[in-house]
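Okay, so here's the structure we're looking at.
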Amino acid sequence: MNAGTLSVRVREITELAPTLKRFSFEPAHGGEFPTAPAGGHVMLTLRDGDKVMKNAYSLVSAPGQRARYEIIVRKVSQSRGGSAFLHSKVAPGDVLDMAMPGSLFSLASTAKKHLLIGGGIGITPMLSFLAELKSRGGRCEMHQLSSLDEAPVFERLLAPFSDDAEIAIHTGGRAAFDLAGLLARQPLGTHVYVCGPHSLMDAVVSTAAALGWPKGKVHKESFGAAAGGLPFKAILKRSGIEVEVKENETLLEAIEAAGVAASCLCRGGACGECATAVVDGELDHRDDFLSDEEKAAGKLVMLCVSRARGPRLVLDL
Amino acid sequence: MSDQGIKSKPTYGKIAGDKAARYQLLLVEGAEIPAEVLAEGVDPSAFETWTVAHASALPAAPMMDEAPGTVRPFRSASHMFSALEERLDRETMGLRFYAVGAEPFLWDAFNIASAAGLSQQEMQFAHVGPKARRIYCVHCRTLMDGVTTSIVTCTGCGAPLFVRDHFSKRLASYMGVQVDAEAPGEVPAAEELYK
């Protein structure tokens, strides 16, 4: 861990939808939290018996709100345990460890206009952006893609911002969402921000590029990339140990379970904090941090999302 | 003496264009595109081009089309810049903006484009023509165009100014600093450096 840890008490849990809960935290020892950056995230350490899980969540509370930090968590069916644990085992009054908020997804201060696109639970960093833009008075347009049954939930979450931003909720699926039309009509100086399923983020990145948007004005929040894969063996050369990485866990989780403290921050392949030198072995890169050239060179791996392409991987760790 | 080792002194390349662009607009401080400013293989017919005729007699029916390959002449740079503000105000994302000319022209264009929301990733500049500098007197804020010497007398406050390589994009000028501030009256001879 490169930053300090906060001790937080669960103040309130609100069920927003069958699979969506909002958790409100307060400092366990009184006082106020540090001011969080807009679009920032926190990492919770969750202890379920012997199993220790670390999950990153976007803060949805307004950046200036220092009495409470709030997150919204979706219970995912293929969860590796973190979100299911929060949904079923955490209760008001519980005290958890939380890493200081970090930010990998921030508002461009020079933007003339901010275009926000959320897909499902990808709404979470947008809520923090909307709160920040409301207080700053920035020009803003928000599009939320949603299933039909969750639309009223997102509508309620977005309602406080409807006076200051153009807000639209799309329930007709991706095919009915005119992404190209939306991106084509944006004035000069617009920045687009997207958070949601990878297919949506990829569509925004490629459609924007095809319309001539420069890379620097397209921002995506990349969490939840760590799907499993084939099991493999990781050999930690400096620590002198071997770690079996199971098909449903990440390299980082396996290393942590073996008692080796690897440096990490976002746990989603975005920040670059867990970059580790590779001594030997082929890689399946799944991060958004390394350039294509660096990925091809195969000298570095992002422990949190990437895996071995073969049976073994030797790391300088 | 010509290189003062100051990083803010701008450097320029050629206009390479951008294949990813939705639309490309090129401004030229002159009647024609100088061939040497285009990178190899760049076809200027891919750009909508605006030129400065430095003349009041423009063609009777000036080309007003907004399309790649058209060339639109303006009476002066000021005339062009006023049209540019209006044009950028109704442009959409995907535009690339290029300018060719002397430094004050390039950075005036840069400031108009920046105010409209374009980032440096969306702009390219090529420097042609005189190397004369626009100087900003840091003491009295007077701007002087066409300075070619290492020392210049401020037209505003009369101070002898040393012409630094320190460049301000916002002011589109180099900084002029009183050269005899420490030892009044000791003014080195001016050298002709910027032609």
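Sequences listed follow chains A and B, in order.
In the working numbering, each residue's number is its place in the first sequence (first place is 1) plus 16.
In the working numbering, each residue's number is its place in the second sequence (first place is 1) plus 1146.
Here a beta-carbon is modelled for each residue, glycine too, at the ideal position from N, C-alpha and C.
Item: Segment contact, 8 angstroms Cβ cut-off, at least three pairs: the stretch 133 to 150 of chain A with the stretch 63 to 77 of chain A; Value: yes
Item: Complete alpha helix (DSSP H) runs within the stretch 142 to 188 of chain A (minimum length 4 residues, chain order); Value: 167 to 174
Item: Contacting residues, own chain, Cβ-Cβ under 7 angstroms from B:E1338 (five flanking each side not counted); Value: T1294 and T1295
Item: Cβ pair A:V330, A:D296 closer than 7 angstroms; Value: yes
Item: Inter-residue spacing [alpha-carbon to alpha-carbon] between B:T1157 and B:E1249; Value: 10 angstroms
Item: Residues in the stretch 1261 to 1292 of chain B having any Cβ partner in chain A nearer than 8 angstroms; Value: A1262, G1263, L1264, S1265, Q1267 and E1268
Item: A:S93 classed as buried or exposed, judged by whether at least 16 other C-beta atoms fall within 10 angstroms; Value: exposed
Item: Status (buried if at least 16 other CB within 10 Å, exposed otherwise) for A:P117; Value: buried
Item: Within 9 angstroms of chain B by C-beta, residues of the stretch 160 to 194 of chain A in sequence order; Value: none
Item: Limits of the beta strand (DSSP E) - the one that B:D1291 falls within; Value: L1289 to V1293
Item: Min CB distance B:G1240 to chain A below 7 angstroms; Value: yes
Item: Identity of the residues DSSP links to B:S1314 by a beta bridge; Value: B:S1319
Item: Three-state secondary structure (DSSP) of B:K1155; Value: coil
Item: Test: B:R1233 CB closer than 7 angstroms to a CB of chain A; Value: no
Item: Straight-line Cα distance separating A:E258 from A:L146; Value: 46 angstroms
Item: Span of the alpha helix (DSSP H) around A:H103; Value: G98 to K105
Item: Where B:R1168 meets chain A, residues with beta-carbon distance less than 7 angstroms; Value: L227 and G228
Item: Short CB-CB distance (under 7 angstroms) between A:L123 and chain B; Value: no
Item: Inter-stretch contact (C-beta, 8 angstroms, three-pair minimum) for the stretch 1163 to 1170 of chain B and the stretch 307 to 321 of chain A; Value: no
Item: Same chain, Cβ closer than 6 angstroms to A:L199, neighbours up to 5 away in sequence not counted; Value: T223, A224 and L227
Item: Anticipated Cβ contact below 8 angstroms, A:V220 with A:K231, distance rounded; Value: Not confirmed; about 12 angstroms, so no contact.
Item: CB contact below 7 angstroms: A:L132 versus chain B; Value: no
Item: Per-residue contacts from B:E1237 into chain A (C-beta, under 7 angstroms); Value: L204
Item: Every unbroken alpha helix (DSSP H) inside the stretch 1232 to 1279 of chain B [4 residues or more]; Value: 1249 to 1261
Item: The stretch 198 to 218 of chain A contacting the stretch 167 to 179 of chain A, beta-carbon criterion three pairs below 8 angstroms; Value: no
Item: Identity of the residue in A:C287, A:T292 and A:V68 nearest A:D304 by Cα; Value: A:C287
Item: Supposed close pair A:R82, A:E48 - CB separation, criterion 8 angstroms; Value: 4 angstroms
Item: Below-7 angstroms beta-carbon distance, A:K236 vs any chain B residue; Value: no
Item: Neighbour-count burial assignment, B:C1303, 16 or more Cβ in a 10 Å radius; Value: exposed
Item: Own chain residues within Cβ distance below 6 angstroms of A:A52, not counting five before or after; Value: L75, P79 and P117
Item: 7 angstroms Cβ shell around A:P327 - same chain, five flanking residues per side excluded; Value: F248 and K249
Item: A:H214: first and last residue of the uninterrupted alpha helix (DSSP H) it sits in; Value: H214 to A226
Item: Residue environment, A:G197, which counts as buried when at least 16 other CB atoms sit within 10 Å; Value: exposed
Item: Cα-Cα separation between B:M1147 and A:I133, rounded to whole angstroms; Value: Residue placement at B:M1147 is flagged as unreliable, the pLDDT there being 46, under the threshold of 50; the coordinate-derived value follows with that caveat. C-alpha separation (whole angstroms): 53 angstroms.
Item: Among A:W229, A:Y85, A:I29 and A:A293, the one whose alpha carbon lies nearest that of A:R254; Value: A:A293
Item: Within chain B, partners of A:G232 - CB distance below 8 angstroms; Value: S1265 and Q1267
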